[in-house]
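Enquirer: This structure is in structure tokens; I'll ask about it shortly.
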Amino acid sequence: MTITDAITKVLSEASGPLGHGEIYRRIVSGSYYSFGAKDPISVVRSKLRKHCYGIDFPSASPKKLFIQVNDKVTSRNALYKIWDGENKAVVADNKIKKDELPEERMHSAYSEHIKSVSEQLLEYIKLSEPEFFESLVVKLLLKMGYGWNQSTSGNVVGGKGDEGIDGIINEDKLGLEKIYIQAKRYADNKVSPAEIRDFIGAMAIKGARKGVFFTSSKFTEQASQHANNAQNMTITLIDGASLTDLLVQYGLGVAIANSYKIFEVDKNFFSID
1 MTITDAITKV
11 LSEASGPLGH
21 GEIYRRIVSG
31 SYYSFGAKDP
41 ISVVRSKLRK
51 HCYGIDFPSA
61 SPKKLFIQVN
71 DKVTSRNALY
81 KIWDGENKAV
91 VADNKIKKDE
101 LPEERMHSAY
111 SEHIKSVSEQ
121 LLEYIKLSEP
131 EFFESLVVKL
141 LLKMGYGWNQ
151 STSGNVVGGK
161 GDEGIDGIIN
171 EDKLGLEKIY
181 IQAKRYADNK
191 VSPAEIRDFI
201 GAMAIKGARK
211 GVFFTSSKFT
221 EQASQHANNA
231 QNMTITLIDG
241 ASLTDLLVQY
251 GLGVAIANSY
261 KIFEVDKNFF
271 SID
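Going by full-length UniProt numbering, the sequence shown opens with residue 1, and the numbers climb by one from there.
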């Protein structure tokens, strides 16, 4: 039985719609599938999205098996059931207002497109290995212009004996100014105050003044406060939503699939002297 088969079996047996976390728990309790992934819940969520009616993206499956029953929520809070094959509207917001200009509709569609791509990016990130995540955030900072040289000024140093630092950006050729990086690839867990304190301690040992803490999830409110209150150093926190925004903005991990030109009438061309 495949993961998709196991999801289908759980939803077929359920009395109502289920979220990806509950579907995973029922797969495990029913021994329908044995997961080998480090983050099996994200695997379940990814499979649901790929086979979900009304959700289309480049890697989505043309075979639709499920349908999302609640709209205006992120993929983390989505509820699913078996799709009965009817072409029913899933999201009411897809209705186009007749009084909107074409440019306004295009802007709204583009915003929805960016939101969809960002959600897909986050799903891929959460399915990746921690080592890949560490490399990703170093590449992103270099892409953003930090570091004196994009090919040589960024290093991943995570792993055993990393002393609480996952990456370093040298801002000048001599390495006199450095940006220290911590990267936590989490699916659901929020970064805790203790993890911020550990990063602050690691930076203090290095005599560092600048740090960036990345996570694919979120920071607790206390964790954010700890970072803001750090003495003699500046620590920037970047959560999953901010991370995907930056990836799209700087073109890392995404490719341009198509482009369109927006035209307007050149009134000067038609002016009569």
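In this text, a Cβ means the ideal position worked out from N, Cα and C, and glycines have one as well.
1. On the premise that L48 lies in contact with H20, defined as a C-beta separation below 8 Å, what is that separation, rounded to the nearest angstrom?
2. Among T215, L11 and E22, which has the Cα closest to the Cα of S135?
3. May I have the straight-line CA-CA distance separating I205 from F263, to the nearest angstrom?
4. Are at least three pairs of beta-carbons, each pair with one atom in the stretch 29–45 and one in the stretch 124–140, less than 8 Å apart?
5. Consult DSSP for T234 and reduce its assignment to one of helix, strand or coil.
6. Would the stretch 208–228 and the stretch 239–250 be scored as touching if the rule is three or more Cβ pairs under 8 Å?
7. If you follow the beta strand (DSSP E) that Y180 is part of, which residue opens it and which one closes it?
8. Identify the residues that DSSP records as bridge partners of G154: which are they?
9. Quick one: what does DSSP say F213 is sitting in, helix, strand or coil?
10. Could you have a look at L18 and say whether DSSP puts it in helix, strand or coil?
11. Is the beta carbon of V191 closer than 8 Å to that of G167?
12. So what's K81 in DSSP terms, helix, strand or just coil?
13. Could you tell me whether the stretch 17–35 touches the stretch 70–88, using the rule of 3 or more Cβ pairs below 8 Å?
14. Is it the case that the Cβ atoms of T234 and R209 are separated by a distance below 8 Å?
15. Could you check where the alpha helix (DSSP H) with F199 kicks off and where it finishes?
16. Quick check on V91: buried or exposed, where buried means 16 or more other Cβ atoms within 10 Å of its Cβ?
17. Near G211, what residues of its chain come up, given a Cβ to Cβ distance below 6 Å and the 5 sequence neighbours on each side ignored?
18. Check V90 in the structure and name its three-state DSSP category.
19. Which residue's Cα is closest to the Cα of E22: A6, E177 and N170?
20. Going by Cα to Cα distance, which pick from N268, G85 and C52 is closest to N70?
21. Please report the Cβ distance between Q150 and L142, rounded to the nearest whole angstrom; I am assuming they are in contact, meaning their Cβ atoms lie under 8 Å.
22. By a C-beta neighbour count over all protein chains shown, 10 Å radius and 16 as the cutoff for buried, is K261 buried or exposed?
23. By the DSSP assignment, the beta strand (DSSP E) with I67 in it spans what residues?
24. For G201, count the other beta carbons within 10 Å of its own beta carbon; 16 or more makes it buried, fewer makes it exposed. Which is it?
25. Need the endpoints of the alpha helix (DSSP H) that G226 sits in, please.
26. If we ignore side chains and look at the alpha-carbon of each, how far apart do F57 and N268 end up?
27. Run through DSSP, which three-state label would Y260 get?
Expert: Taking the coordinates as given:
1. Translated into the one-based positions of the sequence shown, residue 20 becomes position 20. Translated into the one-based positions of the sequence shown, residue 48 becomes position 48. Their Cβ separation, rounded to whole angstroms, is 6 Å, which keeps H20 and L48 in contact under 8 Å.
2. Start at 1 with the first residue of the sequence shown, and residue 135 comes out as number 135. Among T215, L11 and E22, the Cα nearest to that of S135 belongs to T215.
3. Locating residue 205 in the sequence shown gives position 205, counting from the first residue. Locating residue 263 in the sequence shown gives position 263, counting from the first residue. Taking the straight line from one Cα to the other gives about 57 Å.
4. yes
5. In the sequence shown, counting from the first residue as 1, residue 234 sits at position 234. Reduced to three states, the DSSP call for T234 is strand.
6. Because the criterion of three Cβ pairs below 8 Å is met, the stretch 208–228 and the stretch 239–250 touch.
7. Numbered from 1 along the sequence shown, position 180 holds the residue referred to as residue 180. It spans K178 to K184 - the beta strand (DSSP E) in which Y180 sits, taken as one unbroken run.
8. Sequence index remark: in the sequence shown, residue 154 carries index 154 (1-based). In DSSP, G154 forms a bridge with I169.
9. Mapped onto the sequence shown, residue 213 falls at position 213. Correct three-state label for F213: strand.
10. By 1-based counting over the sequence shown, the position of residue 18 is 18. Strand at L18.
11. The residue labelled residue 167 in the question sits at position 167 within the sequence shown. The residue labelled residue 191 in the question sits at position 191 within the sequence shown. No, these two residues do not count as a Cβ contact at 8 Å.
12. Counting from one through the sequence shown, the residue named residue 81 turns up at place 81. In this structure, K81 counts as strand in the three-state DSSP scheme.
13. Touching, yes, given that three or more Cβ pairs across the two stretches are closer than 8 Å.
14. Your numbering for residue 234 matches position 234 in the sequence shown. Your numbering for residue 209 matches position 209 in the sequence shown. Yes, they are a contact pair.
15. The residue you call residue 199 lines up with position 199 of the sequence shown. F199 -> alpha helix (DSSP H) spans P193 to K206.
16. As a first step, residue 91 must be located in the sequence shown, where it is residue number 91. Bear in mind that a pLDDT of 45 at V91, under 50, signals an unreliable position, so the number given afterwards is only what the model happens to contain. When all chains shown are included, V91 counts as exposed.
17. Taking the first residue of the sequence shown as 1, we reach residue 211 at position 211. Closer than 6 Å at the Cβ level, and outside the excluded window around G211, lie Y180, M203 and I235.
18. In the sequence shown, residue 90 corresponds to position 90, counting from 1. Here V90 scores only 44 on pLDDT, less than 50, and its place in the model should not be relied on; the value that follows carries that caveat. Here V90 sits in coil by DSSP.
19. As a working mapping, residue 22 is identified with position 22 in the sequence shown. The option with the nearest alpha carbon to E22 is A6.
20. Here residue 70 refers to the residue found at position 70 of the sequence shown. Here the closest residue by C-alpha is C52.
21. As a first step, residue 150 must be located in the sequence shown, where it is residue number 150. As a first step, residue 142 must be located in the sequence shown, where it is residue number 142. Contact flag correct, Cβ pair sits at about 5 Å.
22. Here residue 261 refers to the residue found at position 261 of the sequence shown. By the neighbour-count rule (16 or more Cβ atoms within 10 Å), K261 is not buried but exposed.
23. On the sequence shown, residue 67 is found 67 positions in, with the first residue counted as 1. Taken as a continuous stretch (DSSP letters only), the beta strand (DSSP E) holding I67 covers F66 to Q68.
24. Position 201 of the sequence shown holds residue 201. By the neighbour-count rule (16 or more Cβ atoms within 10 Å), G201 is not buried but exposed.
25. Sequence index remark: in the sequence shown, residue 226 carries index 226 (1-based). Looking at the sequence shown, residue 226 is not Gly but His. Note, H226: alpha helix (DSSP H), E221 to N228.
26. Along the sequence shown, one-based indexing puts residue 57 at 57. Along the sequence shown, one-based indexing puts residue 268 at 268. Answer to the nearest angstrom: the Cα atoms are 41 Å apart.
27. The residue you call residue 260 lines up with position 260 of the sequence shown. It is coil, neither helix nor strand.
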